[in-house]
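Those letters in the sequence shown? Residues -12 to 178, by our numbering.
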Amino acid sequence: LIETEAIHHGLMFLLDHLPGQLHLTLLSRTTPPLSLGHLRARGQLLELQAADLRFTSAEAAEFLNRVMGLNLDAADVETLEARTEGWIAGLQLAALSLQGLAPPDIAGFLTGFSGSHRYIADYLVEEVLQRQPEPIQDFLLQTSILDRLCGPLGDAVVGQGSRGAAEQRRTHPCPPAPPLPCCGSRYFRVS
């Protein structure tokens, strides 16, 4: 996480003086504190947000039925697309779970499919939780009882005083999630 103002100024200088044949790609989990309005206005900026990376219902149907070999109707595809919020990892894990199920079993699976499903839980533990530094793992486990999370609530649950959750997130950013209108963070419970 880059918070040094001199680096931000240097990046802006670089962006303002790039030769026409050079393209620069910046990746960030948060919106960088850069003045990008003039680049947007000149059509020189392409931004991809989390919503741009999600599958649409049509893309989810194509993936689930054509690529993964399922034969789901539009309602079933819509259910999975909504429950996974269009994220390919969730769609793929659901598809792997559905392969080989009979139609009555598919309906039951879709009814109960959530973040507590074994494949989803395994993925989150192996690919997300275990890759975090130990302080973040502890923080996430202690706050996993919450449906929503923001700094002050995390501090209250973990008992770290006024800077605990904010300091944890600043020094060890958690995996990205779409923001909540109320407090700027979204927290996904696995169970």
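Just so you know, even glycine gets a beta-carbon here, dropped at the ideal spot from N, CA and C. Since the structure is predicted, the reported quantities are computational estimates derived from the model, not experimental observations.
Give the DSSP-derived three-state secondary structure of Gln8 in the structure shown. coil
Within its chain, find whatever has a CB closer than 6 Å to the CB of Ala48; leave out the 5 residues flanking it on each side and keep chain order. For Ala48, where only same-chain residues beyond five positions count, the Cβ hits under 6 Å are Val64.
Determine whether the beta carbon atoms of Gln117 and Leu127 lie at a separation below 8 Å. Not a contact, by the Cβ cut-off of 8 Å.
Assuming Phe100 and Arg70 are in contact, meaning their beta carbons sit under 8 Å apart, how far apart are those beta carbons, in whole angstroms? 6 Å
Nearest-angstrom Cβ-Cβ length linking Leu78 and Leu97, presumed shorter than 8 Å: Actually they do not touch by this definition, with Cβ atoms about 13 Å apart.
Can you have a look at Asp142 and say buried or exposed, based on whether 16 or more other CB atoms are within 10 angstroms of its CB? buried
Tell me the rounded alpha-carbon separation between His10 and His(-4). About 18 Å.
Should Ile107 go down as buried or exposed, given a rule of 16 or more other Cβ atoms within 10 Å for buried? With 16 or more neighbouring CB atoms inside 10 Å of its own CB, Ile107 falls in the buried class.
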